[in-house]
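Asks: Protein chains in written order, with our numbering: chain A, 71 to 501; chain B, 71 to 501. For every residue, glycine included, the Cβ atom is placed at its ideal position computed from N, Cα and C.
(1) Answer with yes or no whether the minimum CB distance from residue 416 of chain B to chain A is below 9 Å.
(2) When DSSP labels each residue in this structure, what does residue 146 of chain B get in the three-state scheme?
(3) Leaving out five residues before and five after residue 361 of chain A in sequence, what residues of the same chain have Cβ atoms less than 7 Å from its Cβ?
(4) Per DSSP, what are the beta-bridge partners of residue 354 of chain B in this structure?
(5) Restricting to runs no shorter than 4 residues, where is the alpha helix (DSSP H) found entirely within the stretch 144 to 232 of chain A?
(6) Under the three-state reduction of DSSP, which class applies to residue 302 of chain A: helix, strand or coil?
(7) List the residues of chain A whose Cβ lies closer than 9 Å to the Cβ of residue 361 of chain B, in chain order.
(8) Mapping DSSP to helix, strand and coil, what is residue 285 of chain B?
(9) What residue range is occupied by the uninterrupted beta strand (DSSP E) comprising residue 470 of chain A?
(10) Just to confirm before moving on: does the CB-CB distance between residue 221 of chain A and residue 188 of chain A stay below 9 Å?
(11) Residue 222 of chain A CB to nearest chain B CB: under 9 Å?
(12) Please classify residue 314 of chain B as buried or exposed, where buried requires at least 16 other C-beta atoms within 10 Å of its C-beta.
(13) Mind checking if residue 150 of chain A is an interface residue toward chain B, Cβ cutoff 9 Å exclusive?
(14) Any contact between the stretch 201 to 215 of chain A and the stretch 127 to 139 of chain A? By contact I mean 3 or more CB pairs, one from each, below 8 Å.
(15) How many whole angstroms separate the CB atoms of residue 258 of chain A and residue 392 of chain A, which I take to be in contact at a CB cut-off of 8 Å?
(16) Return the chain-ordered list of same chain residues with a C-beta closer than 7 Å to the C-beta of residue 414 of chain B, the five sequence neighbours on each side being excluded.
(17) According to DSSP, simplified to helix, strand and coil, what is residue 410 of chain B?
(18) Do you know how far the Cα of residue 268 of chain A is from the Cα of residue 292 of chain B?
(19) Measure the CB-CB distance between residue 349 of chain B and residue 381 of chain B and report whether it falls below 9 Å.
(20) Provide the residue(s) that pair with residue 236 of chain A in DSSP beta bridges, ordered along the chain.
(21) For residue 208 of chain A, which of A/264, A/184 and A/181 has the nearest alpha-carbon?
(22) Measuring alpha carbon to alpha carbon, tell me which of A/371, A/240 and A/431 ends up nearest residue 417 of chain B.
(23) Given residue 363 of chain B, which residues of its chain have a CB within under 7 Å of its CB, disregarding the five upstream and five downstream residues?
(24) Which class does residue 120 of chain B belong to by DSSP, given the choice of helix, strand or coil?
(25) Counting only the same chain and skipping the five closest in sequence on each side, list residues whose C-beta sits under 8 Å from that of residue 377 of chain A.
(26) Look up residue 343 of chain A in the DSSP assignment and say whether it is helix, strand or coil.
(27) Quick one, which residues of the stretch 204 to 228 of chain A are near chain B if we go by CB-CB under 8 Å, in chain order?
(28) Does the distance from the CB of residue 164 of chain B to the CB of residue 359 of chain B come in under 9 Å?
(29) Determine which residues share a DSSP beta bridge with residue 375 of chain A and list them.
(30) Tell me whether the beta-carbon of residue 194 of chain A lies closer than 9 Å to the beta-carbon of residue 172 of chain A.
(31) If you measure between the beta carbons of residue 176 of chain A and residue 475 of chain A, is that distance less than 9 Å?
(32) DSSP state of residue 250 of chain A, grouped into three classes?
(33) What number of angstroms, rounded off, separates the C-alpha of residue 223 of chain B from the C-alpha of residue 419 of chain A?
(34) Count the other C-beta atoms from every protein chain shown that fall within 10 angstroms of the C-beta of residue 486 of chain A, then say buried if there are 16 or more, exposed otherwise.
(35) Rounded to whole angstroms, what's the CA-CA distance from residue 148 of chain B to residue 311 of chain B? Just pull it up for me.
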């Protein structure tokens, strides 16, 4: 951290002592998991810096923005239309949900059998450990799963009425799409009220361009991972995707673009982070919020590389492109709404498009195996694993199903299972 | 069982040997839990008979109806509009989902961490133990929870395309209501196609009357349980509610009405199933499908009485009345749709109406305590327990939270917890 942020955190009513402990643990984990990697692209230095300042400089920036009259909107899900938030000059921030923090406190409100991500966003708030949630003027939830849908009701009490929940339909039929389009309109209206700023066509176009370009470059990164040797580790690619939910979007895109240029160069020169022929894994399933690096760390620590994430922190975040050729606010809102309906989340029934995504990604990224990742108690993805297995077997590559939480208790077991999976694939796993 | 149904079950492609075992277990359980009760109303003899023939005579009737050209529609939820099914001369049947059956088979398709009810409907089918599902022409699901929503996709494969899933919105806003009204219209159209019979105003009115009268009498039963001494046990009332999903609706209402007359008489004479002053428990939470009598058995075996079920197998099934003063099919479909939106399921956010129901029932039934029942992994009810606790404490009576499945493994623990709860209430528990 570049300087002392104690006063800032104190003003944000955080638990300073516990927060110091958390930062120390994270810093150690980052050194062990990230900095220890060999042959990383130079461009990762920016993302290393962002992480080192994730609770520091970035929060300072956000507080500066607030002083300048901008509102801060916290989110937990890729369904919240960021275009609208930026168009009213808001700051859009993913809230802390990726570490086992404040579980005991959280379990006073929600059941033990709740997924780690939900427990974490409750826990971070209750334990006073998420500076982002402290800066928010509004927190936007969505009805993507039972756990979040119902936990948001309680989180609204805990945050003294900051929650606003958008309804995602259960099916993508005509009525569901109409409902969602209206939800997007209502959200625009809510944001106008919150910020006191009116949407204009120009602002909506500009905001759409910013988000579109970030998604375009994340897609570029995804495509670059299809080469063998792979020019960037799965851990680093995951980190970039995680940072995309926190960082200033314009700066992020500039830095990502520079990194992708470097990866282009690596590909031309045949340079990779692992030898050509290293077993290539596609991850598919639940989102991995920062600092949830567990599965990637185990896989890449076992001599394979992760080449893609069919996940909300990954392809589901940037896969669908926005048709931004709109010429009125009304049309823009509809095109934005429709873009989000193109995300293939397990909250929908049916969700066959996701199966096609898994098939396409496995082929495009030349995956040697697919590891289906579900956070424990994440019912939509846990159940959909059955269909995912069928499609992966149709592609003709092995499939492994992992259910885990954020604790380190099952690391040994996880490592054993993944090593056995890689041995079965038999492409020369490191000793 | 009045006769040998082996040939019928064999024709239904059931697993005869395993089914014999199941019936033997159920028959024993019924004797121990039900027949052993003291001072039961005479009118329960009919329901005892129905249970003794639940896989026999009732299936024979349904097969007769099928021979007569009627279609059989299986359901799992109180959101499926029975009025429409009856209006096209269909038979509406709740499918087997209340016992730990075929779990090993089910777990090949769905995760272990799935609620017992979902695992059971999968297991009953896979193990060849539910004669009802074998008779169905259509199985109607709904999007009320993640587990069912996603499991139905797999159940559709298992049943070779018999599933039809109705979308329940996540909120009761204007768009959600519009979506649901259209779902009801689409369902009517689906039923017309399935049966080859057109809806008519007269048929819709008649069907609505049949269902309305059944609900009216179930409500009458509920009201009769508010007296002290309570004229009927919770176990018997639960059974009646369970049977309401299987039995011929007209015959059921006649028999229930006779039973209620008898209970009226008991109340006049001050006769009850337990002494005046016996601790009165309200159950609130997840549905209890037949033969899930576990919680009631433990409570009433511990010297208390269950006086109400704020549950889908209970008040949520009959609490909302249909406004059936409609004079066109269009208007009828809308009124029917709107009646179902008046069910206060935890699938909605927010669901404050359920909190009011709990408060109202606790007061009306003079409950001394509320026991919140959630099937393990039933996220919507597990999370809503937090708000339920708050409202019950506001009413000023004790609250106990139970999470359990269909196994008997936790019976000792359950009994200990419930006895401790009753002792705390301190209204003189039996030794």
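Replies: On the basis of the supplied data:
(1) For this step, residue 416 of chain B is matched to residue 346 along the second chain. So, interface residue.
(2) By one-based count along the second chain, residue 146 of chain B stands at place 76. In the structure shown, residue 146 of chain B sits in coil (DSSP, three-state: anything other than H, G, I, E or B).
(3) Counting from one through the first chain, the residue named residue 361 of chain A turns up at place 291. Closer than 7 Å at the Cβ level, and outside the excluded window around residue 361 of chain A, lie 96, 99, 168 and 169.
(4) Your numbering for residue 354 of chain B matches position 284 in the second chain. Residue 354 of chain B is bridged by DSSP to B/380 and B/442.
(5) For the alpha helix (DSSP H) assignment, the uninterrupted runs of no fewer than 4 residues enclosed by the stretch 144 to 232 of chain A are, from N- to C-terminal side, 152 to 157, 173 to 176, 186 to 196, 201 to 205 and 216 to 228.
(6) For the purposes of this step, residue 302 of chain A is taken as residue 232 along the first chain, with counting starting at 1. Assignment of residue 302 of chain A by DSSP, reduced to helix, strand and coil, places it in the coil class.
(7) In the second chain, counting from the first residue as 1, residue 361 of chain B sits at position 291. Neighbours of residue 361 of chain B across chain A, judged by C-beta separation under 9 Å, do not exist; the nearest C-beta is about 25 Å away.
(8) In the second chain, the residue the question calls residue 285 of chain B occupies position 215. Of the three classes helix, strand and coil, the one that applies to residue 285 of chain B here is helix, per DSSP.
(9) Here residue 470 of chain A refers to the residue found at position 400 of the first chain. It spans 469 to 474 - the beta strand (DSSP E) in which residue 470 of chain A sits, taken as one unbroken run.
(10) By 1-based counting over the first chain, the position of residue 221 of chain A is 151. By 1-based counting over the first chain, the position of residue 188 of chain A is 118. Yes, Cβ-Cβ distance for residue 221 of chain A and residue 188 of chain A is below 9 Å.
(11) As a first step, residue 222 of chain A is located in the first chain; it is residue number 152 there, counting from the start. The Cβ of residue 222 of chain A sits closer than 9 Å to at least one Cβ of chain B.
(12) In the second chain, the residue the question calls residue 314 of chain B occupies position 244. Classification for residue 314 of chain B: buried.
(13) Start at 1 with the first residue of the first chain, and residue 150 of chain A comes out as number 80. Look at residue 150 of chain A: its C-beta is not under 9 Å from any C-beta on chain B.
(14) Touching, yes, given that three or more Cβ pairs across the two stretches are closer than 8 Å.
(15) Numbered from 1 along the first chain, position 188 holds the residue referred to as residue 258 of chain A. Numbered from 1 along the first chain, position 322 holds the residue referred to as residue 392 of chain A. With a Cβ gap of about 15 Å, residue 258 of chain A and residue 392 of chain A do not count as contacting.
(16) Stepping through the second chain from its first residue, residue 414 of chain B is reached at position 344. Contacts found: 386, 421, 423, 424 and 427.
(17) Taking the first residue of the second chain as 1, we reach residue 410 of chain B at position 340. Residue state, collapsed to three classes: helix.
(18) Within the second chain, the letter at position 222 stands for residue 292 of chain B. Within the first chain, the letter at position 198 stands for residue 268 of chain A. So the two alpha carbons sit approximately 54 Å from each other.
(19) As a first step, residue 349 of chain B is located in the second chain; it is residue number 279 there, counting from the start. As a first step, residue 381 of chain B is located in the second chain; it is residue number 311 there, counting from the start. No, they are not a contact pair.
(20) Taking the first chain and counting its residues from 1, the one referred to as residue 236 of chain A is at position 166. DSSP, once it has assigned bridges, lists A/212 as partnering residue 236 of chain A.
(21) The count along the first chain starts at 1 and reaches residue 208 of chain A at position 138. Here the closest residue by C-alpha is A/264.
(22) As a working note, residue 417 of chain B is residue 347 in the second chain. For residue 417 of chain B, the nearest C-alpha among the options comes from A/240.
(23) Against the second chain, residue 363 of chain B aligns to sequence position 293. The beta carbon of residue 363 of chain B sits closer than 7 Å to the beta carbons of 103, 305 and 308 from its chain, once the five residues preceding and following it are set aside; these are given in chain order.
(24) Locating residue 120 of chain B in the second chain gives position 50, counting from the first residue. Residue 120 of chain B: helix per DSSP, three-state reduction.
(25) Working through the first chain from its first residue, we reach residue 377 of chain A at position 307. For residue 377 of chain A, where only same-chain residues beyond five positions count, the Cβ hits under 8 Å are 295, 296, 300, 304, 350, 351, 352, 435, 436 and 437.
(26) Along the first chain, read from residue 1 onward, the residue named residue 343 of chain A stands at position 273. Note: residue 343 of chain A maps to coil in three-state DSSP.
(27) Within the stretch 204 to 228 of chain A, the qualifying residues are 213, 215, 216, 217, 219, 220, 221, 222, 223 and 224.
(28) Within the second chain, numbered from 1, the residue matching residue 164 of chain B stands at position 94. Within the second chain, numbered from 1, the residue matching residue 359 of chain B stands at position 289. With contacts defined as CB atoms closer than 9 Å, residue 164 of chain B and residue 359 of chain B qualify as a contacting pair.
(29) For the purposes of this step, residue 375 of chain A is taken as residue 305 along the first chain, with counting starting at 1. Under DSSP, residue 375 of chain A takes part in a beta bridge, and its partners are A/350.
(30) Position 124 of the first chain holds residue 194 of chain A. Position 102 of the first chain holds residue 172 of chain A. A contact, by the Cβ cut-off of 9 Å.
(31) Your numbering for residue 176 of chain A matches position 106 in the first chain. Your numbering for residue 475 of chain A matches position 405 in the first chain. The beta carbons of residue 176 of chain A and residue 475 of chain A sit no closer together than 9 Å.
(32) For this step, residue 250 of chain A is matched to residue 180 along the first chain. Residue 250 of chain A: helix per DSSP, three-state reduction.
(33) Along the second chain, one-based indexing puts residue 223 of chain B at 153. Along the first chain, one-based indexing puts residue 419 of chain A at 349. Straight-line Cα distance between these residues: approximately 7 Å.
(34) Translated into positions along the first chain, residue 486 of chain A becomes position 416. Under the 10 Å beta carbon count, residue 486 of chain A is surrounded by fewer than 16 other beta carbons and is classified as exposed.
(35) Position 78 of the second chain, counting from 1, holds the residue named residue 148 of chain B. Position 241 of the second chain, counting from 1, holds the residue named residue 311 of chain B. For the pair residue 148 of chain B and residue 311 of chain B, the Cα-to-Cα distance works out to about 12 Å.
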